[in-house]
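Working notes, structure below.
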């Protein structure tokens with residue numbers, strides 16, 4: 001009862017600053033690109049993920065947190081947010097708007113997986129979805145947003161991988177070629193890939209099993225089966241990325257882990273993270289809206305693992321120092337002044353000044369230590385002598401010589417003076 005469930009993690013007050021910093025960068029860049037925030041429920045009807053993600057994926061087969069609620073309905077904690085965003089897009093008839101829907105989200109997701117560095121059973125994702133734009137320029141813009149986010153955060157040693165997974169017209173021929181290639185090697189495949197052989201052989205290419213991975217190197221390439229439209233689309237995406245100065249490599253084995261992808265797929269890896277090196281990935285999903293019950297609508301997006309990005313930022317010392325200093329700490333050496341210190345702190349807070357005081361009415365020395373622990377910029381001392389003159393002592397804790405950098409100020413002017421002092425030192 002007093003320990004976290006396996007695969008979950010408390011984000012403590014000392015860590016929250018890093019999350020807020022990253023979230024701030026994400027929100028600023030989304031605003032620049034014209035994306036607006038959407039917040040969807042953390043659980044949905046199970047069928048949404050079965051239909052949207054695909055029942056041959058590891059997510060649906062092995063990783064979903066699914067339960068029957070009191071109404072005998074099958075409910076699943078969201079393992080990803082694209083399907084939920086698409087459901088909201090359909091349910092609220094956002095497709096009727098004249099412009100494409102540009103959405104972003106930040107929130108917790110849930111997958112029953114083996115916990116390791118950067119991967120938890122409750123984890124957090126940032127993602128964007130662009131619904132209603134079919135052209136390669138939409139693909140390039142989404143990839144550029146992903147690249148700009150990681151650049152803005154200062155990350156280095158990144159590698160962008162792209163591929164095309166074709167379309168429903170291309171894939172039947174490729175599926176047949178894959179099965180012809182893998183059929184003589186069925187006994188060498190892992191159990192999961194043997195089950196994928198008939199249902200979705202492209203998923204074998206994404207397997208991390210050592211033998212399966214080695215076999216994938218010699219598998220037929222989808223590029224050999226692409227129709228002219230898919231070839232042209234992928235070529236244009238590459239052209240736009242090159243024109244924007246974005247380096248990339250084409251990885252023919254990159255198919256991503258979800259069934260809804262079509263045409264462009266991409267992933268950005270931070271190699272020092274090791275086995276869990278992918279910090280961001282996504283692609284085009286032109287059939288997903290229709291599959292979930294909406295009108296035929298093209299879509300593309302990506303998701304970024306917040307935990308993995310923060311790990312990467314920590315490893316490169318790119319997180320800003322925590323700024324948890326308070327503006328003012330009120331010190332009341334005598335119990336008689338405690339009530340006045342209390343009401344003064346409340347007035348300062350109403351004026352937008354971060355203020356605190358000692359709850360326990362300890363000695364002046366202990367209260368000053370508390371002010372130092374809280375990194376207080378100023379201390380207000382409600383001394384007995386000063387109060388007889390309707391004054392308090394204002395000490396500047398940022399000064400090199402704190403003891404000699406203090407002055408008396410009138411009680412009636414505390415808020416006015418401190419507002420000026422705090423503003424001048426921001």
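In the UniProt record's numbering, the protein residues as written are 1 to 426. Even glycine gets a Cβ: it sits at the ideal position worked out from N, Cα and C. What you are looking at is a predicted structure, and each value in this text was computed from that prediction instead of being measured.
Report task. Scan the segment 71-116 and note each continuous beta strand (DSSP E) run of 3 residues or more that stays entirely inside, going in chain order. Result -> You should have 74-77 and 101-110.
**Report entry** Inter-residue CB distance, residue 163 and residue 254 (contact presumed, cutoff 8 Å)
**Finding:** Right, the Cβ-Cβ distance comes to about 4 Å (below 8 Å), so this counts as a contact.
Report task. Since I believe residue 212 is in contact with residue 190 (beta carbons under 8 Å), could you give me their beta-carbon distance rounded to a whole number of angstroms? Result -> Taking a contact as a CB-CB distance under 8 Å, the pair residue 190 and residue 212 counts as one, their CB atoms being some 6 Å apart.
Query - Residues sharing a beta bridge with residue 67, DSSP - result: Checking the DSSP bridge columns, you'll see residue 67 partnered with 75.
Query - Start-to-end residues for the beta strand (DSSP E) that takes in residue 272 - result: Looking at the DSSP string, residue 272 is not in any beta strand (DSSP E), and its letter there is neither H nor E.
Requested in this report: Can you grab the Cα-Cα spacing for the pair residue 73 / residue 298, in whole Å?
Outcome: Rounded to whole angstroms, residue 73 to residue 298 spans 30 Å at the Cα level.
**Report entry** Alpha-carbon to alpha-carbon, residue 416 and residue 379
**Finding:** For residue 379 and residue 416, the gap between their C-alpha atoms comes out near 15 Å.
Query raised in the report: When the distance is taken between beta carbons, is residue 83 closer than 8 Å to residue 106?
Result: Going by beta carbons, residue 106 and residue 83 fall outside the 8 Å limit.
Query raised in the report: What is the rounded straight-line gap between the Cα of residue 150 and the Cα of residue 204?
Result: Taking the straight line from one Cα to the other gives about 29 Å.
**Report entry** Simplified DSSP state of residue 41, which is helix, strand or coil
**Finding:** The answer is coil: DSSP assigns residue 41 none of H, G, I, E or B.
Requested in this report: Put residue 202 into one of helix, strand or coil per three-state DSSP.
Outcome: DSSP places residue 202 within a helical segment (H, G or I) once states are collapsed to three.
Query raised in the report: Contact check, residue 241 vs residue 140 under 8 Å by CB: the rounded distance?
Result: About 6 Å separates the two Cβ atoms, so the contact holds.
Query - Buried/exposed call for residue 59, threshold 16 Cβ in 10 Å - result: With 16 or more Cβ atoms within 10 Å of its Cβ, residue 59 is classed as buried.
Query raised in the report: For the ligand PLP, any of its heavy atoms closer than 7 Å to the Cβ of residue 399?
Result: Absent from the structure shown: the ligand PLP. Ligands present: none.
Query raised in the report: Where DSSP assigns a beta bridge to residue 278, which residues make up the other side?
Result: BP columns for residue 278 point to 269.
Query raised in the report: Out of curiosity, what's the CA-to-CA distance linking residue 64 and residue 267?
Result: So the alpha carbons of these two residues sit roughly 23 Å apart.
Requested in this report: Please state if the CB of residue 35 and the CB of residue 103 are separated by a distance shorter than 8 Å.
Outcome: In this structure, residue 35 lies closer than 8 Å to residue 103 by Cβ.
Query - Residue nearest to residue 193 in terms of C-alpha spacing, selected from 184, 181, 207 and 180 - result: It is 207.
Query - Secondary structure of residue 396, DSSP reduced to three states - result: The answer is strand: DSSP assigns residue 396 an E or B state.
Query raised in the report: Any idea which residues DSSP pairs residue 304 with across the strands?
Result: Partner(s): 126 and 280.
Query raised in the report: Hey, out of 120, 43, 71 and 115, whose CA is closest to residue 87's CA?
Result: Per the Cα distances, 43.
Query - C-beta atoms of residue 142 and residue 301 nearer than 8 Å - result: By the CB criterion at 8 Å, residue 142 and residue 301 fall inside the cutoff.
Query raised in the report: Is residue 12 buried or exposed, if buried means 16 or more other CB atoms sit within 10 Å of its CB?
Result: By the beta-carbon neighbour count (other beta carbons within 10 angstroms, threshold 16), residue 12 is exposed.
Report task. Under 7 Å Cβ to Cβ from residue 146, same chain only, skipping five residues before and after it: list those, please. Result -> Answer for residue 146: 268, 280 and 302, listed in chain order.
Query raised in the report: In chain order, what residues of the same chain lie with their CB nearer than 7 Å to the CB of residue 167, ignoring the 5 residues before and after it?
Result: Correct list, in chain order: 230, 262 and 263.
Query raised in the report: Taking the alpha-carbon positions, what's the residue 359 to residue 3 distance?
Result: Cα to Cα, the separation comes out at about 30 Å.
Query raised in the report: Could you give the C-beta distance for residue 124 and residue 307, rounded to a whole number, given that I count them as a contact under 8 Å?
Result: At roughly 6 Å, the Cβ-Cβ gap stays under 8 Å, so residue 124 and residue 307 are in contact.
Query raised in the report: Out of curiosity, what's the CA-to-CA distance linking residue 388 and residue 338?
Result: Between the alpha carbons of residue 388 and residue 338 lies a distance of about 15 Å.
Query raised in the report: For residue 299, does the three-state DSSP call read helix, strand or coil?
Result: Three-state result, residue 299: strand.
Query - Beta-carbon gap between residue 90 and residue 292 smaller than 8 Å - result: Contact: yes.
Query - Alpha-carbon spacing of residue 133 relative to residue 175, whole angstroms - result: Note on geometry: alpha-carbon atoms of residue 133 and residue 175 lie some 27 Å from one another.
Query raised in the report: By Cβ distance below 7 Å, which residues in the same chain neighbour residue 236 in space, the five residues on each side in sequence not counted?
Result: Cβ neighbours of residue 236 beyond the five flanking positions: 136.
Query raised in the report: Quick check: the segment 348-365 against the segment 306-322, are there 3 or more CB pairs under 8 Å?
Result: With the cut-off at 8 Å, the segment 348-365 and the segment 306-322 do not touch.
Query raised in the report: So, is residue 350 buried or exposed, given that buried needs 16 or more other C-beta atoms within 10 angstroms?
Result: Around the beta carbon of residue 350, a 10 Å sphere encloses fewer than 16 other beta carbons of the protein chains shown; the residue is thus reported as exposed.
Report task. Quick one: residues in its chain with C-beta nearer than 8 Å to the C-beta of residue 39, no 5 flanking neighbours on either side, listed in chain order? Result -> Excluding sequence neighbours, residue 39 sits near 105 and 107.
Query raised in the report: Does the Cβ of residue 305 have 16 or more other Cβ atoms within 10 Å, making it buried, or fewer, making it exposed?
Result: So residue 305 ends up on the buried side.
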